[in-house]
Amino acid sequence: MHVKNTIQPPKDILIHPRNVNFNFTDDTPYEWHKNPNVAFLLNAVSIFLPNGEKFFMDSVRHYKNTITDPVLKGQLLGFLAQEALHKREHERANLEMVKKNKSMTIIEKSAYLFLKVSSILPARTQLAITCALEHFFALFANALLTDIEGFIENTHPAFGQLWLWHAVEETEHKAVCYDVYQAVAGGKLGYVERCIVMLCTTFVFSILLIFGIFFSIVFQKKPKNSLQKTKMDNTKQVKKKWAGLFTNLFLKIIKPYSAYFVPGFHPWQYDNSHYIREWKLSHGSKY
Ligand SMILES: [Fe+2]
Ligand SMILES: [Fe+2]
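With numbering that gives the first Met the number 0, the residue at position 55 of the sequence shown is 54, and numbering never jumps.
Here you go:
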């Protein structure tokens, strides 16, 4: 079986790196979303990202000269440029986050260790790990983009804009690593490998995420305001909010997550490019 499926995104969807700086300051809140659980979850993702983005870039850059197709090569270069900017902005965001919760560096170091160990694997397996994580992030991005207005309304502007910008660009380049992988590792072995790697990566990434959320909540500097403390200590409400958030997220991602295991899968089988257009419209011509 040789599955080489390279569906292209709509013609107006380009992999366009946007060199933007978000305004993170000492005053940027740690709980930057009205539902603090959303902030805790995304803080746990953010602390993983600088090391993650570096790993993604390295694993794809390895094949830069192997790819001869000019379209895919152009997309690969666009991917590298976008990920470098994501890495830079999440490093800046994380600096502020760590000031308010030093324990997040433990999660950062754990992610570094996981990716360092992964970097001794064959280049093809590393690319399969990148494909798996890129699929994850494309699903997170899609979940976030389903309500752009609602997300903006409920967030501190710096973090809200950071995550929407990142979600849009993840959507633009969601198929690049997968297409590179298909070009260098298509066939039955490639299919089996990417499925096994997806299962292992899901396991490790979920553990990192769970610990990240735990550290994000438990070791943050507690607010001095007693009213907020009372709110936080209402465990029944907190549990209910977490259950709601996870159920919502699970329902949004389970079907497209499972699609990854189908032999003819391609990320652009699901065309969600309308979210990119919607975001561009709401941000004016500079995007
Ligand atoms: Fe990214
Ligand atoms: Fe990405």
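The beta-carbon is built from N, C-alpha and C at its ideal position, and this holds for glycine as well.
| Check | Outcome |
| --- | --- |
| For the candidate residues 195, 148 and 182, whose alpha-carbon lies nearest to that of residue 72? | 182 |
| What three-state label does DSSP hand residue 32 in the structure shown? | strand |
| Looking at the strands, I want to know which residues DSSP matches up with residue 154. | 32 |
| Three or more C-beta pairs closer than 8 Å, one from the region 200-220 and one from the region 28-39: is that the case here? | yes |
| What residues in its chain sit with their C-beta under 7 Å from that of residue 159, if we drop five residues either side in the sequence? | 150 and 151 |
| Which term fits residue 17, buried or exposed, when burial requires 16 or more other beta carbons within 10 angstroms of its beta carbon? | exposed |
| Do residue 207 and residue 109 come within 8 Å of each other at the CB atom, strictly closer than that value? | yes |
| Return the CA-CA distance between residue 256 and residue 209, expressed in angstroms with no decimal places. | 18 Å |
| Helix, strand or coil: how does DSSP classify residue 49 here? | helix |
| If we call anything under 8 Å between Cβ atoms a contact, is residue 169 one with residue 14? | no |
| Mapping the DSSP letters down to three states, classify residue 57 as helix, strand or coil. | helix |
| Under 7 Å: does the beta carbon of residue 325 sit that close to some heavy atom of ligand 1? | Residue numbering for the chain in the displayed model covers 0 to 286; residue 325 lies beyond these limits and cannot be assessed. |
| At what residues does the alpha helix (DSSP H) containing residue 178 begin and finish? | 175-184 |
| I believe residue 194 touches residue 113 by the beta-carbon criterion, under 8 Å. Please report the beta-carbon distance rounded to the nearest angstrom. | About 20 Å; that fails the 8 Å criterion. |
| For ligand 1, is there a heavy atom less than 7 Å away from the beta-carbon of residue 15? | no |
| Of all the beta strand (DSSP E) runs that stay within the bounds of the region 103-167, which reach a length of 3 or more residues? | none |
| Is it right to say residue 186 is buried, meaning 16 or more other beta carbons lie within 10 angstroms of its own, or is it exposed? | exposed |
| Taking the CB atoms as reference points, tell me whether residue 91 and residue 23 lie closer together than 8 Å. | yes |
| Can you check whether the CB of residue 272 is closer than 8 Å to the CB of residue 339? | Outside the displayed range of the chain (0 to 286) lies residue 339, so it cannot be described from this structure. |
| Whose C-beta lies closer than 8 Å to the C-beta of residue 143 among residues of the same chain, with five residues either side of it excluded? | 150, 162, 163 and 166 |
| Say yes only if the C-beta of residue 88 is nearer than 7 Å to one or more non-hydrogen atoms of ligand 2, and no if none qualify. | no |
| Mark residue 281 as exposed unless 16 or more other C-beta atoms lie within 10 angstroms of its C-beta, in which case mark it buried. | exposed |
| Quick one: complete alpha helix (DSSP H) runs, 4+ long, within the region 231-258? | 234-258 |
| Distance check for residue 124 and residue 269, CA to CA, integer angstroms please. | 25 Å |
| What does the alpha-carbon distance come out to for the pair residue 85 and residue 47? | 12 Å |
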